[in-house]
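Read the structure below first, then the notes.
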């Protein structure tokens with residue numbers, strides 16, 4: 001991707017953020033101030049539905065991401081936490097574990113994986129004779145599909161999030177959650193409020209501007225939560241996005257796929273049913 | 278008879294030992310192209326809770342970095 005596309009995307013984001021900022025200012029007038037960055041409490045909603053996803057690659061290297069329950073036995077995370085789309089390698093489900101309410105080297109429950117699934121767009125088939133530009137474009141486009149679902153071996157003991165698709169125009173802000181290794185060694189879940197905007201780099205991509213340069217490695221797969229609330233109420237704690245990647249040139253900005261019902265809903269139905277043939 | 282029992286035990290043990298089989302799938306579901314990796318969770322963890330927590334503690338946070346050429350998103 002050229003720097004010009006990036007700049008175009010950023011310019012659009014800034015423009016949209018200005019609109020969102022006005023919305024926030026209006027909210028502040030109504031005494032609904034955005035919450036400051038703070039370590040999350042995994043004992044209460046919505047963070048009690050979140051945990052650490054740990055997996056190994058074929059080389060035996062162990063990595064961690066963030067994941068959360070969106071149904072009693074279904075987790076949402078980033079697609080790059082279940083499969084390397086540059087090599088096609090699926091991470092071994094028998095060496096993948098989910099640690100619910102992970103904090104300070106402990107977890108309330110540990111889950112095994114039954115199956116993982118993602119939309120095919122995450123692993124585009126690139127022709128052997130493709131040019132470097134074509135390969136780069138295919139990889140770039142894949143990040144619009146950087147979300148995956150995981151069916152685990154038993155039900156969540158704490159409950160789960162709800163989610164919303166095709167929400168554009170409804171939510172100006174969201175809270176990014178995750179286990180960034182740069183904060184407390186990734187041992188404590190963090191929440192970070194930010195302003196949502198469209199990215200023009202890719203059609204189905206959104207960005208969250210939270211201004212925290214440390215919400216990086218380890219937050220992959222963490223949800224973007226609209227109407228974040230420590231109380232369980234209808235229409236509160238709704239997942240509207242998931243962390244895909246950041247860019248060192250734009251600290252404090254996180255990118256994620258825009259969740260459309262046609263893809264997200266089908267994947268949810270498929271994984272919920274055990275990833276049938 | 279003892280030999281047969283021993284063989285049966287070995288066979289059963291072997292069946293458990295190879296339970297970590299996985300199968301990949303590419304399907305069309307509700308009109309959407311989906312790919313999946315289906316495993317077979319072991320019957321009861323053969324790893325202790327302490328070892329699992331050690332695995333979590335030693336894991337490297339995956340890298341949500343922009344896909345510059347020759348980099349990946351899992352910190353590899």
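Protein chains in written order, with our numbering: chain A, 1 to 277; chain B, 278 to 353. Built from N, CA and C at the ideal position, the CB exists for glycine as well. Treat the numbers as computed from the prediction; the structure is a model and nothing was measured.
C-alpha gap between residue i and residue j, whole angstroms
i: residue 141 of chain A; j: residue 257 of chain A; result: 10 angstroms
i: residue 79 of chain A; j: residue 329 of chain B; result: 22 angstroms
i: residue 72 of chain A; j: residue 226 of chain A; result: 20 angstroms
i: residue 339 of chain B; j: residue 231 of chain A; result: 30 angstroms
i: residue 116 of chain A; j: residue 90 of chain A; result: 9 angstroms
i: residue 167 of chain A; j: residue 240 of chain A; result: 7 angstroms
i: residue 163 of chain A; j: residue 234 of chain A; result: 12 angstroms
i: residue 41 of chain A; j: residue 86 of chain A; result: 36 angstroms
i: residue 63 of chain A; j: residue 94 of chain A; result: 14 angstroms
i: residue 126 of chain A; j: residue 325 of chain B; result: 41 angstroms
i: residue 137 of chain A; j: residue 332 of chain B; result: 36 angstroms
i: residue 262 of chain A; j: residue 224 of chain A; result: 19 angstroms
i: residue 252 of chain A; j: residue 259 of chain A; result: 21 angstroms
i: residue 214 of chain A; j: residue 74 of chain A; result: 28 angstroms
i: residue 48 of chain A; j: residue 101 of chain A; result: 6 angstroms
i: residue 112 of chain A; j: residue 152 of chain A; result: 6 angstroms
Residue i at chain B interface by Cβ criterion, 8 angstroms
i: residue 180 of chain A; result: yes
i: residue 277 of chain A; result: yes
i: residue 92 of chain A; result: yes
i: residue 242 of chain A; result: no
i: residue 63 of chain A; result: yes
i: residue 153 of chain A; result: yes
i: residue 218 of chain A; result: yes
i: residue 198 of chain A; result: no
i: residue 99 of chain A; result: yes
i: residue 266 of chain A; result: yes
i: residue 39 of chain A; result: no
i: residue 123 of chain A; result: yes
i: residue 74 of chain A; result: no
i: residue 192 of chain A; result: no
Residue environment, residue i, which counts as buried when at least 16 other CB atoms sit within 10 Å
i: residue 160 of chain A; result: buried
i: residue 349 of chain A; result: What the structure shows of chain A is the stretch from 1 to 277, and residue 349 of chain A is not part of that stretch, so it cannot be assessed.
i: residue 129 of chain A; result: exposed
i: residue 303 of chain B; result: exposed
i: residue 132 of chain A; result: exposed
i: residue 335 of chain B; result: exposed
i: residue 280 of chain A; result: Lying before the first or after the last residue shown, residue 280 of chain A is absent from chain A, which here runs from 1 to 277.
i: residue 203 of chain A; result: exposed
i: residue 246 of chain A; result: buried
i: residue 51 of chain A; result: buried
i: residue 310 of chain B; result: exposed
i: residue 327 of chain B; result: exposed
Selected residue, minimal CA-CA separation from residue i, among the options
i: residue 268 of chain A; options: A/174, A/150 and A/169; result: A/150
i: residue 208 of chain A; options: A/177, A/229, A/184 and A/126; result: A/177
i: residue 144 of chain A; options: A/83, A/121 and A/132; result: A/121
i: residue 198 of chain A; options: A/255, A/92 and A/249; result: A/255
i: residue 99 of chain A; options: A/135, A/148, A/154 and A/60; result: A/154
i: residue 229 of chain A; options: A/175, A/84 and A/55; result: A/175
i: residue 265 of chain A; options: A/54, A/147, A/56 and A/65; result: A/147
i: residue 55 of chain A; options: A/38, A/84, A/70 and A/69; result: A/84
CB contact below 8 angstroms: residue i versus chain D
i: residue 212 of chain A; result: Protein chains A and B are contained in the structure displayed, whereas chain D is not.
Residue-chain proximity (residue i, chain A), Cβ-Cβ < 8 angstroms
i: residue 350 of chain B; result: Since pLDDT at residue 350 of chain B reaches only 40, below the 50 mark, its modelled position is unreliable, and the value read off the structure follows with that caveat. True, the Cβ-Cβ gap to chain A drops below 8 angstroms.
i: residue 343 of chain B; result: Below a pLDDT of 50, predicted positions are generally treated as unreliable, and residue 343 of chain B, at 47, falls in that range; the measurement from the model is reported next regardless. Taking Cβ atoms only, chain A reaches closer than 8 angstroms to residue 343 of chain B, which makes this a yes.
Open item on the list: Give me the subset of the stretch 312-339 of chain B whose CB atoms are less than 8 angstroms from a CB atom of chain A, sorted by chain position.
Closed with: In summary, the residues of the stretch 312-339 of chain B whose CB is separated from some CB of chain A by less than 8 angstroms are 312, 313, 314, 315, 316, 317, 318, 319, 322, 326, 329, 330, 332, 333, 334, 335, 336, 337, 338 and 339, in the order they occur in the chain.
- [ ] Check each residue of the stretch 102-116 of chain A: if its Cβ is closer than 8 angstroms to any Cβ of chain B, include it; give the result in chain order.
- [x] Of all residues in the stretch 102-116 of chain A, 102, 105, 106, 107, 110, 112, 113, 114, 115 and 116 have a Cβ within less than 8 angstroms of some Cβ in chain B.
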